[in-house]
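A short worksheet on the structure shown next.
There are 2 protein chains.
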Amino acid sequence: MELEQATALDAETKIAEAPGDHKAELRLWLRLLATNTLIENEIRRRLRERFDVTLPRFDLMAQLERKPHGMTLGELSQRMMVTNGNVTGLVDRLLAEEVISRKQHKSDRRSHIVSLTEKGRRQFAKMAKEHENWIAGMFGELSQSEFATLTKLLGKLKTSVRNGIAQN
Amino acid sequence: MELEQATALDAETKIAEAPGDHKAELRLWLRLLATNTLIENEIRRRLRERFDVTLPRFDLMAQLERKPHGMTLGELSQRMMVTNGNVTGLVDRLLAEEVISRKQHKSDRRSHIVSLTEKGRRQFAKMAKEHENWIAGMFGELSQSEFATLTKLLGKLKTSVRNGIAQN
DNA sequence: TGAAAGTACTTTAAGCCTAAACTACTTTTC
DNA sequence: GAAAAGTAGTTTAGGCTTAAAGTACTTTCA
Chain L
7 MELEQATALD AETKIAEAPG DHKAELRLWL RLLATNTLIE NEIRRRLRER FDVTLPRFDL
67 MAQLERKPHG MTLGELSQRM MVTNGNVTGL VDRLLAEEVI SRKQHKSDRR SHIVSLTEKG
127 RRQFAKMAKE HENWIAGMFG ELSQSEFATL TKLLGKLKTS VRNGIAQN
Chain V
7 MELEQATALD AETKIAEAPG DHKAELRLWL RLLATNTLIE NEIRRRLRER FDVTLPRFDL
67 MAQLERKPHG MTLGELSQRM MVTNGNVTGL VDRLLAEEVI SRKQHKSDRR SHIVSLTEKG
127 RRQFAKMAKE HENWIAGMFG ELSQSEFATL TKLLGKLKTS VRNGIAQN
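Chains L and V, in that order, are what the protein sequence lines are.
Each residue of the first sequence is one higher than the one before, starting from 7 at the first, in the numbering used here.
Each residue of the second sequence is one higher than the one before, starting from 7 at the first, in the numbering used here.
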C-alpha cells in the first residue's frame with residue numbers, strides 16, 4: 007500500500023494495482039533489458055578492442071566449440087535464436103576468416119555441416135578464457151546464494167515466457 | 007541442497023570450482039541472455055504484426071512519452087543506451103511518420119528537442135497498453151514474491167555490472 | 001577576446017538482422 | 001512412382017547499429 011518512489015522498487019505494488027495494470031511486470035522487464043544491454047554492450051566493446059571480433063561471430067564459434075563434430079546451419083540458427091538467413095551471412099564471413107569449415111551432409115544434400123577449424127579452436131579458446139573473466143568481474147558483487155537464487159528464478163522466468171508465448 | 011537435473015542449476019557448483027573457473031557466472035549470463043532474447047524476439051514479432059512498428063521505434067516513443075516537454079537527441083541516446091548516430095536515424099524515420107516533432111533548443115543552437123506529436127501520443131497509448139499485457143502474460147507463472155526477489159536481485163546485478171565496468 | 005577544447009548532432013562505411021521470396025532437395029501421400 | 005507437401009539453405013530489400021570522422025556551435029581560459 008506504499009506509494010512509488012522515483013526509481014525504487016516496491017514489492018507491495020501488486021496489492022494496490024488497478025485491474026489490468028501491470029507496472030511491476032513492466033518494471034521487471036525493463037530492468038532485465040537494461041541489465042542485458044549493459045553487459046552486452048560492454049562485452050561487444052571488449053571483444054572488438056581485444057580480439058577485433060564481433061559478438062555474433064564469437065557466439066557462433068561458442069556454439070560450434072561445444073560440438074566437435076559440427077552442426078547444421080539450421081541447428082546453429084535455432085541455438086542462436088536468429089534466422090537462417092542471418093546464419094548464412096555469418097558463416098560466409100567466418101569461412102573467409104578460415105576459423106570454420108563447411109562440408110556437405112552425408113545423406114541430405116540440402117544440408118551442410120559447419121565446424122571450427124584448428125585455427126578457430128585456438129582463437130576461440132583464448133577469447134573464451136578472457137570472456138569468462140569479464141563476466142565474473144561484472145558479477146562479482148553477488149553472493150553465492152544470491153547467485154543461486156537469481157539463476158533459479160531466471161530459469162523459472164524463462165519457462166514462464168516460453169509457455170506464455172506458446173499459448174499465444 | 008538439490009541435485010542438478012539435465013537442464014537445472016546447481017547451487018553448489020562454486021565450491022567445487024577450480025581456481026579461475028567461472029562456469030556458474032557464465033551460466034547465469036547465458037540464461038539472462040537467452041531469456042532476454044526470447045522476450046525481445048516475441049515483442050518484436052507482435053509489434054510488427056499488430057502495429058507494423060519496430061522495437062527501436064516503440065522504445066524511442068516510450069522514452070518521449072515520459073517527458074511531455076520532450077528531450078534532446080543526446081538524452082535519448084543515453085536513455086536508450088545506443089549511439090547518437092543511431093538516434094539520428096531513428097528520429098528521421100519517426101519524423102517521416104509524423105509521430106514525433108523536432109524543434110531547435112532555445113539557447114543552444116547545436117541542440118534539438120524532440121517530442122511526441124498528438125498522433126504519436128495516441129498511437130503510443132494503444133501500443134503501450136497491449137505491450138504491457140503481453141509482458142504480464144509472459145511473466146504469469148511467477149508468484150508475487152518470486153517477482154519481488156527477481157526484481158531486487160536484478161537491480162543488484164545491474165549495480166554490480168556497472169561497478170565492474172567502471173573499474174575496467 | 002580569441003584560440004583551444006569541448007559538445008550536439010550528422011554522415012559514412014560496414015556489419016548485423018529480419019521477413020519474404022526463392023532454389024534445390026527430401027519426404028509423404030495417393 | 002509421381003505429384004504435393006515439407007525442409008535446408010540462400011538471396012533480397014530494408015531497417016538497425018556501431019565506430020570513426022566531420023560540421024557547427026558553445027565554453028573555457030590565457
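The beta-carbon is built from N, C-alpha and C at its ideal position, and this holds for glycine as well.
Q. Taking DSSP as the reference, what is the three-state secondary structure of V105/L?
A. Taking the first sequence and counting its residues from 1, the one referred to as residue 105/L is at position 99. In this structure, V105/L counts as coil in the three-state DSSP scheme.
Q. Does any C-beta atom of chain L lie closer than 8 angstroms to the C-beta of T165/V?
A. In the second sequence, residue 165/V corresponds to position 159, counting from 1. Answer yes: the Cβ-Cβ gap between T165/V and chain L drops below 8 angstroms somewhere.
Q.
Looking at the strands, I want to know which residues DSSP matches up with L122/V.
A. Within the second sequence, residue 122/V is the residue found at index 116, counting from 1. Per DSSP, I106/V.
Q) Taking C-beta to C-beta, are T157/V and R33/L nearer than 8 angstroms? A) For the purposes of this step, residue 157/V is taken as residue 151 along the second sequence, with counting starting at 1. For the purposes of this step, residue 33/L is taken as residue 27 along the first sequence, with counting starting at 1. Yes, these two residues count as a Cβ contact at 8 angstroms.
Q: To the nearest angstrom, report how far apart R168/V and T43/L are at their CA atoms.
A: Position 162 of the second sequence holds residue 168/V. Position 37 of the first sequence holds residue 43/L. If you take the alpha carbons of R168/V and T43/L, they lie about 11 angstroms apart.
Q) At least one CB of chain L closer than 8 angstroms to the CB of N92/V: is that the case? A) As a first step, residue 92/V must be located in the second sequence, where it is residue number 86. N92/V does not count as touching chain L.
Q: Taking 8 angstroms as the cut-off, decide whether the C-beta atoms of A131/L and E31/V are in contact.
A: If you number the first sequence from 1, residue 131/L lands on position 125. If you number the second sequence from 1, residue 31/V lands on position 25. Taking 8 angstroms as the Cβ cut-off, A131/L and E31/V do not qualify as a contacting pair.
Q. Quick one: any contact between the stretch 100 to 113 of chain L and the stretch 63 to 77 of chain L, if contact means 3 or more CB pairs under 8 angstroms?
A. yes
Q) What three-state label does DSSP hand M77/L in the structure shown? A) Translated into positions along the first sequence, residue 77/L becomes position 71. M77/L falls in the strand class under three-state DSSP.
Q.
Taking the straight line between their C-alpha atoms, what separation do you get for P74/V and Q129/V?
A. Numbered from its first residue, the second sequence carries residue 74/V at position 68. Numbered from its first residue, the second sequence carries residue 129/V at position 123. Whole-angstrom Cα-Cα distance: 15 angstroms.
Q: Taking the CB atoms as reference points, tell me whether S113/V and T78/V lie closer together than 8 angstroms.
A: Taking the first residue of the second sequence as 1, we reach residue 113/V at position 107. Taking the first residue of the second sequence as 1, we reach residue 78/V at position 72. Not closer than 8 angstroms, so no.
Q) Hey, quick one: how far does the alpha helix (DSSP H) through L65/V stretch, first residue to last? A) Against the second sequence, residue 65/V aligns to sequence position 59. Note on identity: in this sequence residue 65/V is Asp, with Leu being the wrong assignment. Residues 61 to 71.
(Q) If we define contact as Cβ-Cβ less than 8 angstroms, is R33/L a contact residue for chain V? (A) Locating residue 33/L in the first sequence gives position 27, counting from the first residue. At least one chain V Cβ lies under 8 angstroms of R33/L.
Q | Proximity winner among D27/V, T41/V, N47/V, H28/V, relative to L160/L (alpha-carbon distances) | A | Numbered from its first residue, the first sequence carries residue 160/L at position 154. When only C-alpha atoms are compared, the closest one is T41/V.
(Q) Quick check: what's the CA-CA separation for L53/V versus V59/V? (A) Along the second sequence, one-based indexing puts residue 53/V at 47. Along the second sequence, one-based indexing puts residue 59/V at 53. If you take the alpha carbons of L53/V and V59/V, they lie about 6 angstroms apart.
Q) Roughly how many angstroms lie between the CA atoms of M188/V and G26/V, to the nearest whole one? A) Any question about residue 188/V goes unanswered here, given that chain V covers just 7 to 174.
Q. Can you tell me the Cα-Cα spacing of T124/L and L100/L, whole angstroms?
A. Here the question's residue 124/L lines up with position 118 in the first sequence. Here the question's residue 100/L lines up with position 94 in the first sequence. As written in the sequence, residue 124/L is Glu, which differs from the Thr given in the question. Distance between the alpha carbons of E124/L and L100/L: 13 angstroms.
Q. Quick one, which of H111/L, L36/L, D98/L, S121/L has its alpha-carbon nearest Q69/L's?
A. Taking the first residue of the first sequence as position 1, residue 69/L is located at position 63. Out of H111/L, L36/L, D98/L, S121/L, S121/L has the C-alpha closest to the C-alpha of Q69/L.
Q. Rounded to the nearest angstrom, how far is the Cβ of E48/V from that of I119/L, given a contact under 8 angstroms?
A. Residue mapping note: residue 48/V aligns to position 42 of the second sequence, counting from 1. Residue mapping note: residue 119/L aligns to position 113 of the first sequence, counting from 1. So it is not a contact: roughly 30 angstroms between Cβ atoms.
Q) Using a beta-carbon distance below 8 angstroms, is A102/V in contact with chain L? A) Reading the second sequence from its first residue, position 96 is the one you call residue 102/V. For A102/V, the answer is no, since every Cβ of chain L falls outside 8 angstroms of its Cβ.
Q. Given R115/L, which residues of its chain have a CB within under 8 angstroms of its CB, disregarding the five upstream and five downstream residues?
A. Here residue 115/L refers to the residue found at position 109 when the first sequence is read from its first residue. There are no such residues.
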